[in-house]
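Take a look at the structure below.
There are 4 protein chains.
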Amino acid sequence: MKKVLVLYYSRTGNTEKMAKMIAQGLTDKGVTVDLKRVEEISVDNLPEYDGYIIGSPNYFGTMAAEVKKFIDESVKYYRKIEGKLVAAFTSTGMIGGGGETVCLDILKAFLIHGCICLGFTRLGHYGPVSIGKPDERVEREISEMVNKYAEVLKRI
Amino acid sequence: MKKVLVLYYSRTGNTEKMAKMIAQGLTDKGVTVDLKRVEEISVDNLPEYDGYIIGSPNYFGTMAAEVKKFIDESVKYYRKIEGKLVAAFTSTGMIGGGGETVCLDILKAFLIHGCICLGFTRLGHYGPVSIGKPDERVEREISEMVNKYAEVLKRI
Amino acid sequence: MKKVLVLYYSRTGNTEKMAKMIAQGLTDKGVTVDLKRVEEISVDNLPEYDGYIIGSPNYFGTMAAEVKKFIDESVKYYRKIEGKLVAAFTSTGMIGGGGETVCLDILKAFLIHGCICLGFTRLGHYGPVSIGKPDERVEREISEMVNKYAEVLKRI
Amino acid sequence: MKKVLVLYYSRTGNTEKMAKMIAQGLTDKGVTVDLKRVEEISVDNLPEYDGYIIGSPNYFGTMAAEVKKFIDESVKYYRKIEGKLVAAFTSTGMIGGGGETVCLDILKAFLIHGCICLGFTRLGHYGPVSIGKPDERVEREISEMVNKYAEVLKRI
Numbered sequence: 001m002k003k004v005l006v007l008y009y010s011r012t013g014n015t016e017k018m019a020k021m022i023a024q025g026l027t028d029k030g031v032t033v034d035l036k037r038v039e040e041i042s043v044d045n046l047p048e049y050d051g052y053i054i055g056s057p058n059y060f061g062t063m064a065a066e067v068k069k070f071i072d073e074s075v076k077y078y079r080k081i082e083g084k085l086v087a088a089f090t091s092t093g094m095i096g097g098g099g100e101t102v103c104l105d106i107l108k109a110f111l112i113h114g115c116i117c118l119g120f121t122r123l124g125h126y127g128p129v130s131i132g133k134p135d136e137r138v139e140r141e142i143s144e145m146v147n148k149y150a151e152v153l154k155r156i
Numbered sequence: 001m002k003k004v005l006v007l008y009y010s011r012t013g014n015t016e017k018m019a020k021m022i023a024q025g026l027t028d029k030g031v032t033v034d035l036k037r038v039e040e041i042s043v044d045n046l047p048e049y050d051g052y053i054i055g056s057p058n059y060f061g062t063m064a065a066e067v068k069k070f071i072d073e074s075v076k077y078y079r080k081i082e083g084k085l086v087a088a089f090t091s092t093g094m095i096g097g098g099g100e101t102v103c104l105d106i107l108k109a110f111l112i113h114g115c116i117c118l119g120f121t122r123l124g125h126y127g128p129v130s131i132g133k134p135d136e137r138v139e140r141e142i143s144e145m146v147n148k149y150a151e152v153l154k155r156i
Numbered sequence: 001m002k003k004v005l006v007l008y009y010s011r012t013g014n015t016e017k018m019a020k021m022i023a024q025g026l027t028d029k030g031v032t033v034d035l036k037r038v039e040e041i042s043v044d045n046l047p048e049y050d051g052y053i054i055g056s057p058n059y060f061g062t063m064a065a066e067v068k069k070f071i072d073e074s075v076k077y078y079r080k081i082e083g084k085l086v087a088a089f090t091s092t093g094m095i096g097g098g099g100e101t102v103c104l105d106i107l108k109a110f111l112i113h114g115c116i117c118l119g120f121t122r123l124g125h126y127g128p129v130s131i132g133k134p135d136e137r138v139e140r141e142i143s144e145m146v147n148k149y150a151e152v153l154k155r156i
Numbered sequence: 001m002k003k004v005l006v007l008y009y010s011r012t013g014n015t016e017k018m019a020k021m022i023a024q025g026l027t028d029k030g031v032t033v034d035l036k037r038v039e040e041i042s043v044d045n046l047p048e049y050d051g052y053i054i055g056s057p058n059y060f061g062t063m064a065a066e067v068k069k070f071i072d073e074s075v076k077y078y079r080k081i082e083g084k085l086v087a088a089f090t091s092t093g094m095i096g097g098g099g100e101t102v103c104l105d106i107l108k109a110f111l112i113h114g115c116i117c118l119g120f121t122r123l124g125h126y127g128p129v130s131i132g133k134p135d136e137r138v139e140r141e142i143s144e145m146v147n148k149y150a151e152v153l154k155r156i
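Residue numbers (full-length UniProt numbering), protein chains in the order written: chain A, 1 to 156; chain B, 1 to 156; chain C, 1 to 156; chain D, 1 to 156.
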């Protein structure tokens, strides 16, 4: 069975809420999911997963330093996690406030890892963006995201 | 007196509405403004301005081809428009739909021209992003944008 | 058999040389390839392929307007080309001259199409970047790119 | 007299070499310069400068976590460092390896701070990019960068 890591950092709880929705959605689809805060997990676990879904609040238009630190440490597995399926999500304070570039920057880091990155047409294209607390729009978008991620995961 | 080009492309009229608000705001601040659709102006006019404010609807997370064509043609004035003051704006269909990267990509093109690019703290950071028709939020953001742009323009 | 479109725009011939190397490499791997200049093909052909490899010279840190025009027209097939496998390549004038962001912007546009985007570890991470005429480094990188693209294509 | 912070993180010493060249160049132009490793300085010092030139090695296509941590902490001075003049530089392992996006991401963070960001025409457009140890090309580029930065700094 395919196994996915939902990895996130959260201070206010908004990104965490999104992470939980994503983990639940994937579980409902029959995917094995580990839901972890970035502080709870070591990069040594990365190779065991088939894919990663990574979320961060928007700090200055990109991921929080806590998430970047994890990604920097992941250099230890450079060329060893190629082909994993990656998607991103974020919560942010305001429209136009840099949330899209958070998702794009997370994908960019995993393109460098030689991963396979997923875009979306029925939600924030680079991944769902919550403006503050996740609302119904975000819930719907996460459900679309999970559908597509699970479907592609099966094929690769 | 400082002279600014507000340049835009618009199909649905949303970006055009924003362009008009910006032009009006700058005029009210005592700046000389030319408001032009991208089809109405030649790159040969670029050197005569002290700055550009450039807007495009979001097509695939970046500016419309019509705006990109104008920018490609502007290579004729490469190294001849260094130091102009540049800001960007966009209208898009949905939150997370790529609007932020439109503004960022416009700024990026003018960083390559050696221009001076402006970010914002009281609005979409890379420039105002309208979700569909410009509403009161966008109106307020444009007013903040105009204040800052005019203030920096005076100094450079 | 899987069928891939290698699509490019080229003025000086550098991007074209890269396109031909990629098409040849894929053909050698048993993939059916159509090699097309962006002016030679209509967006109506997009749905028939399993993937796209798209190249553009670097004009102002992103794709040429000719490529952007094609992408803008592809909105006609929005939500109809989800899941296609996409990679990018570019030729540029100088190191640090914006070549990387060309590849990244092409990928970004196809993330918006809901496509699956590929990064690399043994070459320019967002796709091969030629500095001027493709040299041996670029040849080697294209060979790595083709290997990985063909391998992932088989699985999805 | 104008005062500039040259701030960097470096592990191999390449980014540090670039930082020293930039600091020396600015000093020769009569600018007061503080040259600091990111670990040596607090965000509390940010308001006292007229501008920042920020360098990081390329870790996964963006700044090192150490630099991002500093930027995250700088939120304390949000809206209090608007209008500072910002430029970026990086050292990276290979062409196409993500160096350009390091510079662009640093600028992006300071656009969010409402700063004024500088692009270049005679060097890496978003800032100088060293491939490994800084060579003569990089030295020449840094000299051009310093000229332009010092010239714009005088005016703003």
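We put the CB at the ideal spot given by N, CA and C, even for glycine. Only a predicted model underlies this, so the values are computations on that prediction, with no experimental measurement involved.
Chain-ordered neighbours of residue i on chain B, where CB pairs are closer than 7 Å
i, result
"C/I112", "F60, G61, G98"
"C/K69", "A65"
Candidates the options, of which the one nearest residue i by Cα
i, options, result
"C/N147", "A/A19, A/R37, A/G114", "A/G114"
"D/E82", "D/V31, D/N58, D/Y49", "D/Y49"
"D/R140", "D/K76, D/L123, D/V75, D/S74", "D/L123"
"B/I116", "D/K69, D/K20, D/E151, D/P57", "D/E151"
"A/V138", "A/K80, A/G119, A/T15, A/V86", "A/T15"
"B/P128", "B/V31, B/K2, B/N45, B/K17", "B/K17"
"C/F89", "C/Y77, C/V75, C/D105", "C/D105"
"A/G132", "B/L35, B/I95, B/D135", "B/I95"
"B/K36", "B/V4, B/A64, B/M63", "B/V4"
"A/L153", "A/H125, A/V86, A/D135", "A/V86"
"B/T12", "B/G97, B/F70, B/T101, B/P57", "B/P57"
"B/L46", "B/Y149, B/A19, B/V75", "B/V75"
"B/A109", "C/A19, C/M145, C/L107, C/G99", "C/G99"
"C/F120", "D/S91, D/G97, D/I53", "D/G97"
"D/S130", "D/Y149, D/C103, D/L118", "D/C103"
"A/K2", "A/M145, A/H125, A/D34", "A/D34"
8 Å contact criterion, which residue i and residue j should meet: CB distance rounded
i, j, result
"A/G61", "D/I112", "5 Å"
"C/V6", "C/A23", "5 Å"
"C/K29", "C/G51", "With a Cβ gap of about 13 Å, C/K29 and C/G51 do not count as contacting."
"D/S143", "D/G55", "Between D/G55 and D/S143 the Cβ distance is about 16 Å, and since that is not below 8 Å, they are no contact."
"residue 184 of chain D", "A/D72", "Since the first residue of chain D shown is 1 and the last is 156, residue 184 of chain D is not available in this structure."
"C/I41", "A/R155", "In fact, because the Cβ distance is near 27 Å, the residues do not count as touching under 8 Å."
"C/Y77", "C/V43", "6 Å"
"A/A65", "D/K68", "4 Å"
"D/M21", "D/P134", "7 Å"
Range of the contiguous beta strand (DSSP E) that encloses residue i
i, result
"C/S130", "129-131"
"B/V31", "That residue, B/V31, is in no beta strand (DSSP E); it is neither H nor E in DSSP."
"A/K3", "3-8"
"B/L118", "116-118"
Proximal chain C residues relative to residue i, where beta-carbon distance stays under 9 Å
i, result
"B/T101", "D105, K108"
"A/V152", "G83, I116, I156"
Proximal chain F residues relative to residue i, where beta-carbon distance stays under 9 Å
i, result
"C/G124", "Absent from the structure: chain F. Protein chains present are A, B, C and D."
Neighbouring residues, chain C, relative to residue i (Cβ below 7 Å)
i, result
"B/A64", "D72"
"A/R79", "T121"
Segment limits, alpha helix (DSSP H) that includes residue i
i, result
"D/V146", "136-155"
"B/K20", "14-28"
Cross-chain neighbours of residue i in chain B, by beta carbon under 8 Å
i, result
"A/I131", "I95"
Proximal residues of chain B, C-beta to C-beta of residue i below 9 Å
i, result
"D/F120", "E82, L111, I112, G114"
Within the stretch 34-114 of chain B, note down every full beta strand (DSSP E) run reaching 3 residues or more, in order along the chain. 51-57, 85-92
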